[in-house]
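Taken in sequence, the protein lines are chains A and C. Just so you know, our numbering puts 175 at position 175 of the first sequence, and the rest follows in order with no gaps. Counting from 1 along the second sequence, just add 181 to a position and that's the residue number in our numbering. Here a beta-carbon is modelled for each residue, glycine too, at the ideal position from N, C-alpha and C. Contents: one structure, followed by commentary.
Number of protein chains: 2
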Amino acid sequence: MSKKEQLLVIAEDMVRSGGYNSVSFRTLAESAGIKSASVHYHFPTKADLGAALAERYTENFLSSLGTPKALQASGKNPIDVFISLFRHALSVDKKMCLCGMLGAEFDGLPEKVRIATRVFFNKNIEWLTLAFQSVSRRDELEARKAATSLIAQLEGALLISVALEDEAIFETAIKNRSNTQ
Amino acid sequence: MSKKEQLLVIAEDMVRSGGYNSVSFRTLAESAGIKSASVHYHFPTKADLGAALAERYTENFLSSLGTPKALQASGKNPIDVFISLFRHALSVDKKMCLCGMLGAEFDGLPEKVRIATRVFFNKNIEWLTLAFQSVSRRDELEARKAATSLIAQLEGALLISVALEDEAIFETAIKNRSNTQ
DNA sequence: GTCTATAATTTGATAGAC
DNA sequence: GTCTATCAAATTATAGAC
């Protein structure tokens with residue numbers, strides 16, 4: 001793993017724990033075993049780092065998912081697969097979704113980071129819209145509404161589970177939903 | 182309004198926009214027309230300020246609600262009243278719920294602020310549990326699950342609406358829910 | 001790519017006068 | 001309650017050597 005990628009991994013954890021402003025180039029550099037000036041070589045400004053974090057998170061998220069069609073072809077429910085990625089954020093990482101955190105802090109973020117954060121949500125709503133259409137043949141508008149609702153529910157379930165340090169809350173919040181298919 | 186309360190009002194807005202770490206005693210003091218040293222008179226440390234913010238927010242929230250029984254007695258659905266308070270945060274303030282923001286940043290907060298944040302959620306879950314019991318006579322455990330689910334859904338709906346700057350998303354996310362009563 | 005050195009600013013916080 | 005003055009530490013960022 002390149003040093004740049006190491007920095008992204010560490011910084012992601014920091015943002016997901018305490019938010020964008022909880023990351024400093026110095027503490028990030030220390031955790032990576034280099035000096036803060038070297039971090040600036042990889043990411044000229046903090047906004048560049050923030051945007052790179054959101055972009056990398058989005059790429060990783062979408063590539064973990066695959067396509068709704070491929071999932072369905074292999075006998076899996078794409079909606080369940082999507083939910084399980086959020087469950088992973090909680091049960092393994094014990095942290096917020098990176099873009100959920102950035103979304104909450106949206107108004108206080110540099111433009112560059114805001115844009116990259118929004119891409120995460122737009123692309124995932126797009127993915128889920130396709131998924132809802134393919135599992136239940138509803139029209140595009142209804143599928144998009146279900147997609148947006150589900151993402152909101154998942155981000156909220158993560159947030160409350162993190163704040164109350166209770167993973168069971170996530171399951172409760174997901175079971176009680178109206179859009180299983 | 183006392184200066185201390187002024188500070189709380191301004192700081193609340195700041196946290197709700199950019200998170201706990203986006204508030205500095207200097208910018209807060211400037212907005213209130215005093216010096217940062219004077220802010221320390223009212224709130225010795227930043228953790229004291231953060232805890233006071235969460236406590237005040239919780240008190241205001243609960244007193245705006247009244248009791249589920251009183252609401253029902255006056256012909257209102259307490260669940261709808263609860264939802265409308267979250268709607269207000271979005272449509273009027275155009276901001277996250279204060280404790281939703283603090284909940285997301287939970288791991289990065291001072292102990293004092295964490296505790297006060299949790300009180301918000303616990304008290305509101307308590308309130309909603311009573312509300313669900315009184316409108317639909319379900320048993321306490323099921324009512325509590327519905328309560329937790331609803332809060333998660335509302336925080337998530339706020340988060341996504343803020344991030345995508347689209348108030349309609351909040352309504353979509355709330356309409357598609359399974360726990361209307 | 002990483003370092004040292006450094007600049008300019010900001011931060012949370014304190015002491016003591018008024 | 002608010003101020004001035006001040007502090008030590010931290011912050012983002014740059015210049016230039018290796």
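Within chain C, partners of residue i - CB distance below 8 Å
{"i": "A:A146", "result": "N357"}
{"i": "A:S96", "result": "Here the sequence assigns Met to residue 96 of chain A, which means Ser is not the residue at that position. Neighbours of A:M96 on chain C, chain order: A285."}
{"i": "A:M1", "result": "What A:M1 touches in chain C: nothing, since even the nearest Cβ is about 24 Å away."}
C-alpha gap between residue i and residue j, whole angstroms
{"i": "C:T361", "j": "A:T172", "result": "At C:T361 the pLDDT is 47, less than 50, meaning the model places this residue with poor confidence and gives no usable figure here."}
{"i": "A:A152", "j": "C:I355", "result": "10 Å"}
{"i": "A:L62", "j": "C:Q187", "result": "45 Å"}
{"i": "C:K216", "j": "C:A192", "result": "15 Å"}
{"i": "C:A349", "j": "A:T129", "result": "17 Å"}
{"i": "A:T148", "j": "A:Q72", "result": "21 Å"}
{"i": "A:S121", "j": "A:M14", "result": "Looking at the sequence provided, one finds Phe at residue 121 of chain A rather than Ser. Their Cα atoms are separated by approximately 21 Å."}
{"i": "A:L154", "j": "A:L85", "result": "10 Å"}
{"i": "C:L246", "j": "C:F263", "result": "7 Å"}
{"i": "C:S205", "j": "A:L158", "result": "28 Å"}
{"i": "C:A427", "j": "C:I306", "result": "Residue 427 of chain C is absent from the model: chain C starts at 182 and stops at 362."}
{"i": "A:P68", "j": "A:K123", "result": "13 Å"}
{"i": "C:F351", "j": "A:A37", "result": "43 Å"}
{"i": "A:N176", "j": "A:Y41", "result": "48 Å"}
{"i": "C:F224", "j": "C:R237", "result": "14 Å"}
{"i": "C:K185", "j": "C:L209", "result": "11 Å"}
{"i": "C:A324", "j": "C:R299", "result": "19 Å"}
{"i": "C:T226", "j": "A:L8", "result": "32 Å"}
{"i": "A:G156", "j": "A:K95", "result": "13 Å"}
{"i": "C:S255", "j": "C:Q314", "result": "17 Å"}
{"i": "A:A47", "j": "C:L230", "result": "28 Å"}
{"i": "A:V39", "j": "A:R16", "result": "19 Å"}
{"i": "C:A284", "j": "C:A232", "result": "Before going further, note that residue 284 of chain C is Gly rather than Ala in the sequence given. Going by the C-alpha atoms only, they are around 13 Å apart."}
{"i": "A:K145", "j": "A:E59", "result": "23 Å"}
{"i": "C:W308", "j": "C:A235", "result": "17 Å"}
{"i": "C:R207", "j": "C:L322", "result": "47 Å"}
{"i": "A:L150", "j": "C:A312", "result": "24 Å"}
Neighbouring residues, chain C, relative to residue i (Cβ below 7 Å)
{"i": "A:F106", "result": "V343 and A344"}
{"i": "A:S17", "result": "D288 and G289"}
{"i": "A:S149", "result": "T353, A354 and N357"}
{"i": "A:S22", "result": "N202 and G289"}
Listed by chain order, chain A residues near residue i by CB distance under 8 Å
{"i": "C:F302", "result": "I160, A163 and L164"}
{"i": "C:I350", "result": "T148 and A152"}
{"i": "C:G214", "result": "The contacting residues do not exist; C:G214 stays about 22 Å from chain A at best."}
Simplified DSSP state of residue i, which is helix, strand or coil
{"i": "C:T361", "result": "For C:T361, the pLDDT reaches just 47, beneath the cut-off of 50, and the residue's location in the model is therefore unreliable, leaving the point undetermined."}
{"i": "A:V23", "result": "coil"}
{"i": "A:T45", "result": "coil"}
{"i": "A:S31", "result": "helix"}
{"i": "A:M14", "result": "helix"}
{"i": "A:S38", "result": "helix"}
{"i": "C:I355", "result": "helix"}
Partners in chain A for residue i, counting only beta-carbon separations shorter than 7 Å
{"i": "C:R299", "result": "A163 and L164"}
{"i": "C:E336", "result": "G156, L159 and I160"}
Within chain A, the residues that residue i reaches when beta carbons sit closer than 9 Å
{"i": "C:G231", "result": "Residues of chain A passing the Cβ test: none, with the nearest at roughly 13 Å."}
Proximal chain C residues relative to residue i, where beta-carbon distance stays under 9 Å
{"i": "A:G66", "result": "Within 9 Å Cβ-Cβ: nothing; A:G66 doesn't reach chain C, min ~23 Å."}
{"i": "A:G75", "result": "Ordered by position in chain C, no residue passes the 9 Å Cβ test against A:G75, which lies about 26 Å from the chain."}
Exercise for the section: Would you check if the stretch 110-123 of chain A and the stretch 341-356 of chain C touch, i.e. whether three or more CB-CB distances between them fall below 8 Å? Expected result: The stretch 341-356 of chain C makes contact with the stretch 110-123 of chain A, as at least three CB pairs between them are under 8 Å.
Practice task
Mind listing, in chain order, the continuous beta strand (DSSP E) runs of no fewer than 3 residues lying wholly within the stretch 126-169 of chain A?
Solution key: Residue ranges of uninterrupted beta strand (DSSP E) with 3 or more members are absent from the stretch 126-169 of chain A; none lies entirely inside it.
Practice task
Ignoring anything shorter than 4 residues or poking outside the stretch 235-293 of chain C, list the alpha helix (DSSP H) runs there in chain order.
Solution key: Inside the stretch 235-293 of chain C, DSSP marks whole alpha helix (DSSP H) runs of 4 or more residues at positions 249-254, 259-272 and 279-285, from first to last along the chain.
Exercise for the section: Report yes or no: do the stretch 97-108 of chain A and the stretch 14-34 of chain A share at least 3 C-beta pairs separated by less than 8 Å? Expected result: Segments in contact, yes.
Practice task
May I ask you to verify whether the stretch 123-139 of chain A touches the stretch 301-320 of chain C, counting CB pairs closer than 8 Å and requiring at least 3?
Solution key: With a cut-off of 8 Å, the stretch 301-320 of chain C and the stretch 123-139 of chain A do not count as touching, because too few Cβ pairs lie within range.
Exercise for the section: Flag this pair as touching only if the stretch 249-265 of chain C and the stretch 89-99 of chain A have three or more C-beta atom pairs under 8 Å; answer yes or no. Expected result: The count of Cβ pairs closer than 8 Å, one atom from the stretch 249-265 of chain C and one from the stretch 89-99 of chain A, stays below three, leaving the stretches out of contact.
Problem - Three-pair Cβ contact test at 8 Å for the stretch 30-45 of chain A versus the stretch 91-105 of chain A - result: Judged by Cβ distances under 8 Å, the stretch 30-45 of chain A makes no contact with the stretch 91-105 of chain A, as fewer than three pairs qualify.
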